[in-house]
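This report refers to the structure that appears directly beneath it.
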Amino acid sequence: MIHDIAQAVALVLTWQAVLWITLGYSFGSLLGAIPGLTGIVGIALLLPLSYYLPPWVAIPMLMAISKGSSFGCNIPAILINTPGTPAAAATCLDGHQLALQGRSGKALKANLYAGLIGDTFSDIVLIFSAGLLARVALKFGPAEYASLMVFALTVVGAVSTGAVIKGVMGAALGVLLGVVGMDMITGVSRLTFGVIELGDGIAMIPLMIGLLALSEIFLHAEKLLASRDADQGRVATVPPPRHPDDSRITRDEVPRFARATAIGALIGTVVGALPGIGQSVAAFVGYGEARRFSPNPEAFGRGSIEGVAAPEAAASAVNGANLIPLLALGIPGDVVAAVLLGALMIQGLAPGPLLFEQHRVTVFALYAGMMITNLIHWPVGLVFIRASNLVSRIRLAHMMPVVFILCVAGTFALGNSVFDVYVMIIAGVGGAVLRKGGFAPVTVVIGFILGPLLENSARQALLLSQGSFLTFITRPISLFFLVLTAASIVGSFLYARQRGSAAIPGATTSE
Amino acid sequence: MPPAPRTGALLWALIWLLGAALTYFVLIPAGIEEPSYATQSPGAFPKAIAALIGLLALALFAVEWLRLQPRLDRRVGARFLVTPAIAGLYGLLLVPAGFIVASALSLAAMLFVFGERRPLFGAAIAVVTAVATYAVFVRLLGVPLPAGVLG
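Order-wise, the sequence lines are chains A and B.
Per this note's numbering, the first sequence starts with residue 7, numbered consecutively.
Per this note's numbering, the second sequence starts with residue 955, numbered consecutively.
If you want it as structure tokens, here you go:
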């Protein structure tokens, strides 16, 4: 065993391997920072190249693109409230609030370190317990997934405290938008009204960019027109730091940061080991749980460092944990894992129990490559943070229209479809109108992401139980999540009554 | 004496209630076919969600604390529609005119709306951003964008 590990490390610790992994990580970070583009675009672009590289270089390089993208997509989320991925929408909640307070450096560093810790934690768990966790994940059936989704939806309460009814209404609207398209059980088209482009449903990224980013641009424009004061447009995109502590995590903040990161990393690892859930669920559950366990939950949504650390640690932890079902069982947990499965097959490696016996050194080399990626994450991330400081010097009047163009280019590029651009613009108008009414567009996004997963799992469970709803409470893991959900709702109401906490400003308005 | 309910909040609840009723009674029956072979109705879940929205809208209408919610800042007015209108025109122009031309025009218009009053500077930002974005997406990443009249 030791000999195999030493051999694997020697394979990866070459300048060529480190260079490819560094390039992959930087490329992924750059792509992630462009709204609308994700790591999957980068992986798809470099997949043919991976054919010419040995597996212990190719697979970690592709993984590095995904990890870099996870970090990079949070840069526009924090600085300009434009999430490139669903998971980054959770980071927007507090990250952008921190940026508006002149503490973008603190938010970006919290994002970097939490991601690094979450990633490394899940990689270590992957290395030591791939087999065990894969067995636990196998016990998850549709009923357990449905209950987990119900639990994940309780995050709506966390992002709309003080306006819970409006939060639930927003989430329900998102769920309703999520049912558009083909019904997975019966194959019937739902609410498409003959529009061919809606056959696969409303595209998630255009909807998300419209609701969260474009709506803000529209409201800023209205404000500028209303004031008739060009000087307002001279305001910088994000204010500069006023104190050195605004650009770093202070000693006082370390315990809160560490607790939120630990909660996020743990949740992300468990969620990542479950196929088909992914980073967005992990990020929102991580955010909700960090808030629940925080001694200062009312700070969430107002610029809490914990609100940045928890979702990022959770989303990053999914990266490593996703490989648990992939390597152990050959089940790809998400799109990235599916492409990695293809890359492994290209290399002649068939995932499954035999992989660990027949290609043990290669598997250890993959692990070593992932750890090297985590080491590279830190310096490369700091370079990106330094470069992103330039954004804070650009005037809002110049930045907003440029962001709009990038949103359009990224959205069009997703499916080479102008229909997606229309969806984004309509969602932008809808998001702005919702914000005016005191509704949080992020709750619509949460409902849109989690709703279809909930519906499909619940209906599959009901099919298997021949229509009996008892299946959700007779299965122990499912019951566990439902009890957690009930406890979470009761706890939130009791807490709200006790503390009289106010609505989260960042979640409901563009201010 | 409790404060009088604000008409703005009540109007919002009414809009949601009408939307839910429209979805439940018109859109779902018209937009979801109920196949005879299916053991589960494909419309059941959307109907349940529409009913939930309707009930919540009723609750929103009724609950007293709604009166304490922050004031609606402004009605949807002409000023609000300026940027979405530019965005809509951009969407219409994107394919026929091409990404560079449509982006440069809409970017210049948006910069003006956002308060940039130096025509040459605004035009330079618009053209450089449009060309640079096109170059990054098409040349560097190999992601197609419409070429339009310049193609």
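Cβ atoms here follow ideal geometry from the backbone N, Cα and C, with glycine treated the same way.
The model shown is predicted, which means the values in this text are computed figures rather than measured ones.
task = Give a yes or no on whether the C-beta atoms belonging to A:Asn328 and A:Ala349 are separated by under 8 Å.
result = Result no, Cβ atoms of A:Asn328 and A:Ala349 do not sit closer than 8 Å.
ask   = If B:Ala1080 and B:Ala1058 are in contact, beta carbons under 8 Å, what's the gap, nearest whole angstrom?
value = Right, the Cβ-Cβ distance comes to about 5 Å (below 8 Å), so this counts as a contact.
Nearest residue (CA-CA) to A:Thr491, options A:Ile191, A:Met155, A:Ile130, A:Val367 = Out of A:Ile191, A:Met155, A:Ile130, A:Val367, A:Met155 has the C-alpha closest to the C-alpha of A:Thr491.
request  = Let me know the secondary structure DSSP gives A:Arg196 once reduced to three states.
outcome  = Correct three-state label for A:Arg196: strand.
Rounded straight-line distance, which links the Cα of B:Pro1000 to that of B:Ile982 = Distance between the alpha carbons of B:Ile982 and B:Pro1000: 7 Å.
ask   = Does the beta-carbon distance from A:Ile133 to A:Val409 come in below 8 Å?
value = No, they are not a contact pair.
query = For A:Met190, does the count of other Cβ atoms within 10 angstroms reach 16, so buried, or fall short, so exposed?
reply = When all chains shown are included, A:Met190 counts as exposed.
ask   = Buried or exposed: which applies to A:Pro331, given that a residue is buried once 16 or more other Cβ atoms fall within 10 Å of its Cβ?
value = By the neighbour-count rule (16 or more Cβ atoms within 10 Å), A:Pro331 is buried.
query = From A:Ala94 to A:Ala323, what does the alpha carbon distance come to, in whole angstroms?
reply = The straight-line gap from Cα to Cα measures roughly 14 Å.
request  = Output, in chain order, the set of chain B residues within a Cβ distance shorter than 8 Å of A:Ile587.
outcome  = The shown model of chain A, from 7 to 517, leaves out residue 587 of chain A, and the question about it has no answer.
Neighbour list for A:Asn422 in chain B, Cβ cutoff strictly below 7 Å = Correct list: Pro1098.
query = Going along the chain, which residues of its own chain have a beta-carbon closer than 7 Å to the beta-carbon of A:Thr275, five neighbours each way excluded?
reply = Non-local beta-carbon contacts of A:Thr275 in its own chain, meaning distances under 7 Å to residues more than five positions away in sequence, involve Phe127, Ser128, Val131, Ala323, Ala327 in chain order.
inquiry  = According to DSSP, simplified to helix, strand and coil, what is A:Arg401?
reply    = Residue state, collapsed to three classes: strand.
ask   = the region 1037-1060 of chain B: which residues have C-beta closer than 8 Å to a C-beta of chain A, in chain order?
value = Going along the region 1037-1060 of chain B in chain order, one finds Thr1037, Pro1038, Ala1041, Gly1042, Tyr1044, Gly1045, Leu1048, Val1049, Phe1053, Ser1057, Ser1060 with a Cβ nearer than 8 Å to chain A.
message = How far does the alpha helix (DSSP H) with B:Glu987 in it extend, from its first residue to its last?
response = Segment: none, B:Glu987 is in no alpha helix (DSSP H) and carries neither H nor E.
ask   = Are the beta-carbon atoms belonging to A:Gly292 and A:Ala320 less than 8 Å from one another?
value = If you check the CB distance, A:Gly292 and A:Ala320 come in under 8 Å.
C-alpha gap between A:Gly205 and A:His102, whole angstroms = Per the coordinates, the alpha-carbon of A:Gly205 lies some 34 Å from the alpha-carbon of A:His102.
key: Cβ separation of B:Glu988 and B:Ser995, assumed to be a contact under 8 Å, to the nearest whole Å   = Right, their Cβ atoms sit about 6 Å apart.
Stretch pair the region 119-126 of chain A + the region 420-428 of chain A: three plus CB contacts closer than 8 Å = Cβ pair count under 8 Å is below three, so no.
ask   = Under 8 Å, do A:Gly457 and A:Gly216 count as touching if we go by C-beta distance?
value = Their beta carbons are not under 8 Å apart, which means A:Gly457 does not touch A:Gly216 by this criterion.
inquiry  = Please report the distance separating the alpha-carbon of B:Ala963 from that of A:Gly437.
reply    = Cα-Cα distance, rounded: 17 Å.
message = Could you tell me the alpha carbon to alpha carbon distance between A:His383 and A:Tyr373, rounded to whole angstroms?
response = Going from the Cα of A:His383 to the Cα of A:Tyr373 covers about 15 Å.
ask   = Based on the DSSP secondary-structure assignment, which residues constitute the bridge partners of A:Met188?
value = For A:Met188, which the question treats as bridged, DSSP gives the partners A:Ser195.
query = Applying the criterion that 16 or more other CB atoms from any shown protein chain within 10 Å of the CB defines a buried residue, is A:Asn302 buried or exposed?
reply = Around the C-beta of A:Asn302, fewer than 16 other C-beta atoms lie within 10 Å, and the residue is accordingly described as exposed.
inquiry  = Is B:Phe1015 close to chain A? Criterion is C-beta to C-beta, closer than 8 Å.
reply    = Contact with chain A is absent for B:Phe1015, since none of that chain's Cβ atoms lies less than 8 Å from the residue's Cβ.
key: Alpha carbon of A:Phe290 to alpha carbon of A:Thr449, nearest angstrom   = Computed Cα separation, rounded: 11 Å.
Segments assigned alpha helix (DSSP H), at least 4 residues, entirely inside the region 201-226 of chain A = DSSP runs (the alpha helix (DSSP H)) wholly in the region 201-226 of chain A: 210-215.
query = Which residues in chain B sit within 7 Å of A:Tyr428, going by Cβ to Cβ distance?
reply = Under the 7 Å cutoff, chain B gives Gly1045.
message = Let's test the definition: count the other Cβ atoms within 10 Å of the Cβ of A:Arg465 and tell me whether it reaches 16, buried, or not, exposed.
response = Buried is the call here.
query = Is DSSP giving A:Val429 helix, strand or coil here?
reply = The three-state secondary structure of A:Val429, taken from DSSP, is helix.
ask   = Who are the Cβ neighbours of A:Ile49 in its own chain at under 7 Å, not counting the five residues just before and after it?
value = The residues are Leu68, Ile71, Ser72, Val342, Val345.
Cα-Cα separation between A:Ala177 and B:Ala1041, rounded to whole angstroms = Straight-line Cα distance between these residues: approximately 26 Å.
query = Are any of the Cβ atoms in chain B nearer than 8 Å to that of A:Phe199?
reply = Judged by the 8 Å Cβ criterion, A:Phe199 is in contact with chain B.
query = Do A:Ser75 and A:Ser35 have their CB atoms nearer than 8 Å?
reply = Result yes, Cβ atoms of A:Ser75 and A:Ser35 sit closer than 8 Å.
task = Pick out whichever of A:Ala149, A:Val496, A:Pro82 has its Cα sitting closest to the Cα of A:Asn462.
result = Ranking A:Ala149, A:Val496, A:Pro82 by Cα distance to A:Asn462 puts A:Ala149 first.
message = Given this structure, state the Cα-to-Cα distance separating A:Ala23 from A:Leu388, to the nearest angstrom.
response = Cα to Cα, the separation comes out at about 21 Å.
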